[in-house]
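Q: Sequence order for the protein chains is A and B.
Each residue of the first sequence is one higher than the one before, starting from 798 at the first, in our numbering.
Each residue of the second sequence is one higher than the one before, starting from 223 at the first, in our numbering.
This is the structure, below, for whatever I ask next.
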Amino acid sequence: MTAYLARVRGSAATIAFLLPMLLVFGLFSWWPIVRSVVMSMQQTNLVTPAEFVGPDNFRAVLADPLLSTAVQNTIWFAVLALVIGYPVPLMLAVVMSDVRRARGLYSLLAYLPVVIPPAVAVLLWRFFYDAEETGVFNTILGWFGLGPVPWLEDPSWAMPSLVIEATWAAAGGTVIIYLAALVSVPPELYDAAEVDGAGILRKVWHVTVPHLRGVMLITLILQVIGTAQVFLEPYLFTDGGPDNATLTVLLLVYDYAFANTTGGDYGKATALSLMLAATLALLSVAYFRLTRRWSE
Amino acid sequence: MSTLLQHTPDLEPEPEADLAGPAPRRGRRARRTAPDGETRTITSAFERRRPLTRATRALLNGGLLVFLIIVCLGPILWLAKSAITPTQDTLRYPLALWPNGTDWENLRTAWVDIDLKLYFWNTVVIALGSWAVQMVVAVTGGYALSILRPRGSRVIYALVLSTMFVPAVVLLVPLYLTVLDVPFVHWNLVNTFWGAFLPAGASAFNVAIVKRFFDNLPREIIDAARVDGCGDFRLFFSIVLPMSRPVLGVVSVFAVLAAWKDFVWPLVVLPDPAKQPLSVRLPRLAAVTELDVVLAALLISCALPIVFFVVFQRLFLRGGLEGAVKG
């Protein structure tokens, strides 16, 4: 009898401990995930009752002339971020890992931009990117006889400007990840490489970098997934302009759902986000498959 | 984006560790130390004694430090300078240091006249509320999944982890509609702080870190407590929680910072300006306010996160990447 009571009390306690997690995940994660699939096939605007429309939302999104602009811009952002942003934290981390005095100060400085609220950073950088000759960056470029650069005002400069700020804001986090991984390089490998007569650069190339391959793969995928969902920078810097040059997929999702003029089309918004999510999932699966062979 | 890129440290329990203590804690991340106490990195002690290598390293390390100071700290210092500079000076000589004196009044104008204090306290409330919800969910959930382990807990854990692979973007609209009309109870949480707090709790990263930490707690202590007749609640409050300070600290600092930085979700869920946090309000204010006051407002908005980061830097900087990167 007492054993039975204890068991009942035990399971009551278990449920009590599980409940917050089940409620919060159920209501604010699992249910919205299920709902997004349902909603993508519905016509919903919260005024009239939801109506099942099958693949109409997907068709409407695919027929939107802005979609290809948004997709191209998002890919362009991701490519630029890869070219400009991906090598930076790696190089910083490799050099930092060999600093022997005050390494804490280096990581502190490198991580500092990460803690600046992105909205603050963008507003600050928007001022730095002033296209006038007296703008902050243009003044600095002027010292070297360069510029002035039109930055955010020019369709071809706008996206690189966004990427530079985004790299500044995010690199520190990746540096910390690399530094943590660099600590685990077995010292014997460096010793062995030295015995074989390897210099410093060869050690970096043949010991350090290969050891980081797994982490580099993960940061690469995280970066692609992150950049594919870029929203804040184009929204706050340029609001998709100039001339839709920075209109990204997520900005289009936001416009479908919440913009004042065209908003309220929740079905289309979810359909587009699902397509983006599916693309990302396929991308990471394909990537893992392709690279598993050489990362083993 | 931020939730995906946010890295989460890989912790192991160190029950006797004193976070504030002066003793260097290296744990299992320790490098192998050479007899002279030096740690082994890319260059060897021998190489560092060679004149050419020595000069190159000095140049590289010094150059890197200067680079980091200019690039990472520079914009913040510039902001601090310009926040107390009259608008005309900032526009005409953006890089000069107070050509016509300072204007401390900017900070007061920003705080009082454009009502920054209201948005500042909104941000504090949102950060603390999101922190509390995340803590409760992660700690109770982690305890149930790791220590109590009821039937089906593996399935629940798998479902929790699977949300990590659903990009936040997919959830934006359905989550908004859910918060607009919460299932079963039919509350409308839009324009309430609960609308900001509760979805923050659904963080699979938090649950995973806490669960893994609990998994690594010494079983003997838990078994001994059980044998002594310790119930689920007492085990939780008297044994497990007191041993969990390291992981609670890490989850806390990342939760508070993430809430302070968050933009998209509060933008969507708090359309009422009187409820909005700094991140959401600043862009609107910037459009209608004089530049020097805007810059003062930006400085005030990032001052607390910076202080917070400097104070808790050890928790932020001992990174790793959610267990996927283990050695």
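In this text, a Cβ means the ideal position worked out from N, Cα and C, and glycines have one as well.
Less than 8 Å between the beta carbons of threonine 312 of chain B and tryptophan 320 of chain B, yes or no?
A: The residue you call residue 312 of chain B lines up with position 90 of the second sequence. The residue you call residue 320 of chain B lines up with position 98 of the second sequence. Going by C-beta atoms, threonine 312 of chain B is not nearer than 8 Å to tryptophan 320 of chain B.
Q: Is the shortest distance between the beta-carbon of arginine 856 of chain A and the beta-carbons of chain B less than 8 Å?
A: Stepping through the first sequence from its first residue, residue 856 of chain A is reached at position 59. No, because no Cβ of chain B sits closer than 8 Å to the Cβ of arginine 856 of chain A.
Q: Leaving out five residues on either side along the sequence, give the residues of the same chain with a beta carbon under 6 Å from the beta carbon of tyrosine 379 of chain B.
A: Taking the second sequence and counting its residues from 1, the one referred to as residue 379 of chain B is at position 157. So the list reads Leu367, once near-sequence residues are dropped.
Q: Please decide whether glutamine 1026 of chain A counts as near chain B, where near means a Cβ-Cβ distance under 8 Å.
A: Translated into the one-based positions of the first sequence, residue 1026 of chain A becomes position 229. Taking Cβ atoms only, chain B reaches closer than 8 Å to glutamine 1026 of chain A, which makes this a yes.
Q: For the alpha helix (DSSP H) containing leucine 340 of chain B, name the first residue and the last one.
A: Here residue 340 of chain B is taken as the residue at index 118 of the second sequence, counted from 1. 338–365 is the span of the alpha helix (DSSP H), which, as asked, contains leucine 340 of chain B.
Q: Label methionine 888 of chain A either buried or exposed according to how many other C-beta atoms from any shown protein chain fall within 10 Å of its C-beta, with 16 as the threshold for buried.
A: Position 91 of the first sequence, counted from the start, is the residue given in the question as residue 888 of chain A. Under this definition methionine 888 of chain A is an exposed residue.
Q: Determine which residues of the segment 481–501 of chain B have a Cβ less than 8 Å from any Cβ of chain A, and write them out in chain order.
A: Cβ contacts with chain A come from Trp482, Lys483, Phe485, Val486, Val490, Leu500, Ser501.
Q: So what does DSSP say about glutamate 929 of chain A, is it helix, strand or coil?
A: For the purposes of this step, residue 929 of chain A is identified with residue 132 of the first sequence, where counting begins at 1. In the structure shown, glutamate 929 of chain A sits in coil (DSSP, three-state: anything other than H, G, I, E or B).
Q: DSSP three-state label for leucine 1026 of chain A, please.
A: One-based indexing of the first sequence puts residue 1026 of chain A at position 229. As written in the sequence, residue 1026 of chain A is glutamine, which differs from the leucine given in the question. Of the three classes helix, strand and coil, the one that applies to glutamine 1026 of chain A here is coil, per DSSP.
Q: Note down the Cα distance separating valine 407 of chain B from threonine 414 of chain B, rounded to an integer number of angstroms.
A: Along the second sequence, one-based indexing puts residue 407 of chain B at 185. Along the second sequence, one-based indexing puts residue 414 of chain B at 192. Distance between the alpha carbons of valine 407 of chain B and threonine 414 of chain B is about 15 Å.
Q: How would you label phenylalanine 531 of chain B, buried or exposed, when you count the other beta carbons within 10 angstroms and need 16 or more for buried?
A: For the purposes of this step, residue 531 of chain B is taken as residue 309 along the second sequence, with counting starting at 1. Buried.
Q: Using a beta-carbon distance below 8 Å, is valine 334 of chain B in contact with chain A?
A: Taking the second sequence and counting its residues from 1, the one referred to as residue 334 of chain B is at position 112. False, the Cβ-Cβ gap to chain A never drops below 8 Å.
Q: Use the C-beta contact count for leucine 282 of chain B: other C-beta atoms within 10 angstroms, 16 or more gives buried, fewer gives exposed.
A: Indexing the second sequence from 1 puts residue 282 of chain B at position 60. So leucine 282 of chain B counts as exposed.
Q: Could you say which of A:Pro910, A:Met893, A:Val834, A:Pro862 lies nearest to valine 850 of chain A if we only look at CA atoms?
A: As a first step, residue 850 of chain A is located in the first sequence; it is residue number 53 there, counting from the start. When each option's Cα is compared against that of valine 850 of chain A, the closest is A:Val834.
Q: Looking at the secondary structure, which residues open and close the alpha helix (DSSP H) in which glutamine 498 of chain B lies?
A: Your numbering for residue 498 of chain B matches position 276 in the second sequence. Segment: none, glutamine 498 of chain B is in no alpha helix (DSSP H) and carries neither H nor E.
Q: Take the Cβ of asparagine 344 of chain B as the centre, count every other Cβ of all protein chains shown within 10 Å, and call the residue buried at 16 or more, exposed below.
A: Counting from 1 along the second sequence, the entry for residue 344 of chain B is found at position 122. Buried, since its Cβ has 16 or more Cβ neighbours within 10 Å.
Q: Can you tell me whether glycine 994 of chain A is buried or exposed, with buried defined as 16 or more other CB within 10 angstroms of its CB?
A: Against the first sequence, residue 994 of chain A aligns to sequence position 197. Burial call: exposed.
Q: Within its chain, find whatever has a CB closer than 6 Å to the CB of serine 501 of chain B; leave out the 5 residues flanking it on each side and keep chain order.
A: One-based indexing of the second sequence puts residue 501 of chain B at position 279. Taken in chain order, the residues that qualify are Phe485.
Q: Please name the residue or residues paired with phenylalanine 849 of chain A in a DSSP beta bridge.
A: The residue labelled residue 849 of chain A in the question sits at position 52 within the first sequence. Per DSSP, A:Gln839.
Q: With C-beta atoms as the reference, is alanine 878 of chain A less than 8 Å away from proline 952 of chain A?
A: On the first sequence, position 81 is the one that residue 878 of chain A refers to. On the first sequence, position 155 is the one that residue 952 of chain A refers to. No, these two residues do not count as a Cβ contact at 8 Å.
Q: Could you tell me the distance, in whole angstroms, from the CA atom of alanine 390 of chain B to the CA atom of aspartate 1062 of chain A?
A: Taking the first residue of the second sequence as 1, we reach residue 390 of chain B at position 168. Taking the first residue of the first sequence as 1, we reach residue 1062 of chain A at position 265. When rounded, the distance between both Cα atoms is 19 Å.
Q: Valine 334 of chain B: which of B:Ala518, B:Leu537, B:Ile528, B:Pro495 sits nearest, CA to CA?
A: Position 112 of the second sequence, counting from 1, holds the residue named residue 334 of chain B. Ranking the options by Cα distance to valine 334 of chain B, first place goes to B:Ala518.
Q: Is the CB of phenylalanine 415 of chain B under 8 Å away from at least one CB in chain A?
A: Translated into the one-based positions of the second sequence, residue 415 of chain B becomes position 193. Phenylalanine 415 of chain B does not count as touching chain A.
Q: Between the alpha carbons of valine 751 of chain A and leucine 986 of chain A, how many angstroms are there, rounded?
A: What the structure shows of chain A is the stretch from 798 to 1093, and residue 751 of chain A is not part of that stretch, so it cannot be assessed.
Q: For chain B, find out if any of its Cβ atoms is closer than 8 Å to the Cβ of proline 817 of chain A; answer yes or no.
A: For the purposes of this step, residue 817 of chain A is taken as residue 20 along the first sequence, with counting starting at 1. It does: the Cβ of proline 817 of chain A has a partner Cβ on chain B nearer than 8 Å.
Q: Can you give me the start and stop residues for the alpha helix (DSSP H) that methionine 888 of chain A sits inside?
A: Within the first sequence, the letter at position 91 stands for residue 888 of chain A. 884–894 is the span of the alpha helix (DSSP H), which, as asked, contains methionine 888 of chain A.
Q: Kindly list, in the order they appear in chain A, the residues whose Cβ is closer than 9 Å to that of valine 515 of chain B.
A: Here residue 515 of chain B corresponds to residue number 293 of the second sequence, with the count starting at 1. Chain A residues near valine 515 of chain B: none, gap ~12 Å exceeds 9 Å.
Q: 8 Å is my cut-off, CB to CB: does leucine 299 of chain B come that close to chain A?
A: Locating residue 299 of chain B in the second sequence gives position 77, where the first residue counts as 1. Cβ-Cβ to chain A under 8 Å: no for leucine 299 of chain B.
Q: Should alanine 277 of chain B be labelled buried (16 or more other beta-carbon atoms within 10 Å of its own) or exposed?
A: Along the second sequence, read from residue 1 onward, the residue named residue 277 of chain B stands at position 55. With fewer than 16 other Cβ atoms within 10 Å, it is exposed.
Q: Who are the neighbours of glutamate 512 of chain B on chain A, taking C-beta pairs under 8 Å?
A: Looking up residue 512 of chain B in the second sequence gives position 290. Residues of chain A passing the Cβ test: none, with the nearest at roughly 13 Å.
Q: Using a beta-carbon distance below 8 Å, is isoleucine 264 of chain B in contact with chain A?
A: Taking the second sequence and counting its residues from 1, the one referred to as residue 264 of chain B is at position 42. So, interface residue.
Q: Can you name, in chain order, every residue of its own chain whose Cβ lies under 7 Å from the Cβ of glycine 1037 of chain A, other than the five neighbours on each side?
A: Here residue 1037 of chain A refers to the residue found at position 240 when the first sequence is read from its first residue. Result list for glycine 1037 of chain A: Pro1031, Thr1043, Leu1044, Leu1048, in chain order.
Q: Closer than 9 Å, Cβ to any Cβ of chain B: which residues of the segment 870–899 of chain A, in chain order?
A: If the cut-off is 9 Å between Cβ atoms, the segment 870–899 of chain A has Leu889, Val891, Val892, Met893, Ser894, Asp895, Val896, Arg897, Arg898, Ala899 near chain B.
Q: Are the CB atoms of threonine 866 of chain A and alanine 1025 of chain A within a distance shorter than 8 Å?
A: Counted from its first residue, the first sequence places residue 1025 of chain A at position 228. Counted from its first residue, the first sequence places residue 866 of chain A at position 69. Taking 8 Å as the Cβ cut-off, alanine 1025 of chain A and threonine 866 of chain A do not qualify as a contacting pair.
Q: Return no unless some Cβ of chain B is closer than 8 Å to the Cβ of valine 960 of chain A.
A: If you number the first sequence from 1, residue 960 of chain A lands on position 163. Chain B contact via Cβ: absent.
Q: Can a CB atom of chain C be found closer than 8 Å to the CB of glutamate 991 of chain A?
A: Going by chain labels, chain C is absent from the structure shown, which instead holds the protein chains A and B.
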